[in-house]
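According to the working numbering, numbering within the sequence shown proceeds without interruption in unit steps and concludes at 249. Below you'll find the structure, written out as structure tokens, and then a few comments.
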Amino acid sequence: MKAELVRGAVLVVDDNVDLLDNIEQILVGEGIPVLTARNGREALTVFSENEVSLVITDMKMPGMGGAELLRQLRSARPEITTIVMTAYANEAALAEIRATGPLDVLAKPIPLDRLFELVDLARAPRARVLVLEDDVELRANLSELISALGGCLPMLATTIAQARKIAESVKLDGAVVDVRLPDGNGVAFVEEHGKPSAVPTAVVSGYEKMVPAAGSNVRFFEKPFDSAELSRFLSSWIDRKRPPS
């Protein structure tokens, strides 16, 4: 008999059974539906058979590890939010992790308070802000900046194609985009979504002349940009569109 489909679940992936069970029990105790898997391949099967809203995964696992799992999840659903757990936090490992676009990277032993704070954010954000940037370090910095706005969930994309899929899948409340991207010019995305009736868009680039005059909700930020100024721009629009509850 086919298992019943689970909707809005958190998928937790780790080959450490004790940690897996511990996280599952605590989340279930908070009324959150949880699915579990012990490696990447098992996780892909669970992911494909259910409606998963968040994936929490270890990186080093037998068979398919976390990095390949995250790449395949992003390919299938670019809008999926992920959180990474790892005991291997050297620079090379961190660079590989950041390239997959997680919401955060948590070093083991896991700080449970921080994990559950991230789970709450991912499941019920006050606002979703697209980050369309192919530079790994800058994308991570922008993600951190947006997370610090308070209840704002960064939706990370490295290509225009991924950004379009995200925009089709979820309601966006803001966007930060680069101009030069692997599959074309980010200005095309600005022209599609930078209308007064759409989301506020910050164009982060060294090519101001390539940015169209698309209204007061589109603003150019020259690299290196002022982080505080960018935060104020996004906050002013997000607070206006979706006041805190």
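Heads up, the beta-carbon is just placed ideally off N, CA and C, and yes, glycines get one too.
* Top-ranked residue by Cα proximity to G73, from T61, E95, E83 -> First, the amino acid is wrong: residue 73 is Leu here, not Gly. Looking at the Cα atoms, T61 is the closest of the given residues.
* Exposure label - G188; buried when at least 16 CB within 10 Å -> exposed
* Which listed residue (P113, D138, A152) has its alpha carbon closest to that of L125 -> A152
* With a Cβ-Cβ cutoff of 8 Å, do L176 and V207 count as a contact? -> no
* **V123 beta carbon less than 8 Å from that of V14** => yes
* **alpha helix (DSSP H) segments (min. 4 residues) lying fully within the stretch 138-175** => 140-151, 164-173
* How is V191 classed by DSSP in three states: helix, strand or coil? -> helix
* Asked: Under the rule that 16 or more other beta-carbon atoms within 10 Å means buried, what is L107, buried or exposed?
  -> buried
* Would you mind listing the beta strand (DSSP E) stretches within the stretch 63-137 that are 3+ residues and don't spill past its ends, in chain order? => 85-90, 108-111, 131-136
* **Neighbourhood of K112 by C-beta distance below 7 Å, restricted to the same chain and skipping five residues each side** => M89, T90, A91
* Asked: For A179, which of F193, K169, V135, P186 has the nearest alpha-carbon?
  -> V135
* Can you tell which of E100, D230, F51, P66 has the C-alpha that lies nearest to the C-alpha of A80? -> F51
* If you draw a straight line from the C-alpha of D19 to the C-alpha of R42, how long is it? -> 4 Å
* Please name the residue or residues paired with V16 in a DSSP beta bridge. => T40, I60
* Per DSSP, which one or two residues make a beta bridge with R223? -> A206
* Using the C-alpha atoms, what's the distance from K64 back to R45? -> 13 Å
* Opposite G178 in the DSSP bridges: which residues? -> V133
* **Neighbourhood of I242 by C-beta, 8 Å cutoff - its chain only, sequence neighbours within 5 removed** => R130, A131, V133, L153, C156, D177, G178, P204
* Would you report the Cα separation of V21 and D139, rounded to the nearest angstrom? -> 35 Å
* Asked: If we ignore side chains and look at the alpha-carbon of each, how far apart do A71 and I101 end up?
  -> 6 Å
* To do: Could you please give me the residues that DSSP links to R184 through a beta bridge?
  => N189
* G33: first and last residue of the uninterrupted alpha helix (DSSP H) it sits in -> 21-33
* From V32 to D117, what distance separates their C-alpha atoms? -> 15 Å
* May I have the straight-line CA-CA distance separating R143 from L23, to the nearest angstrom? => 30 Å
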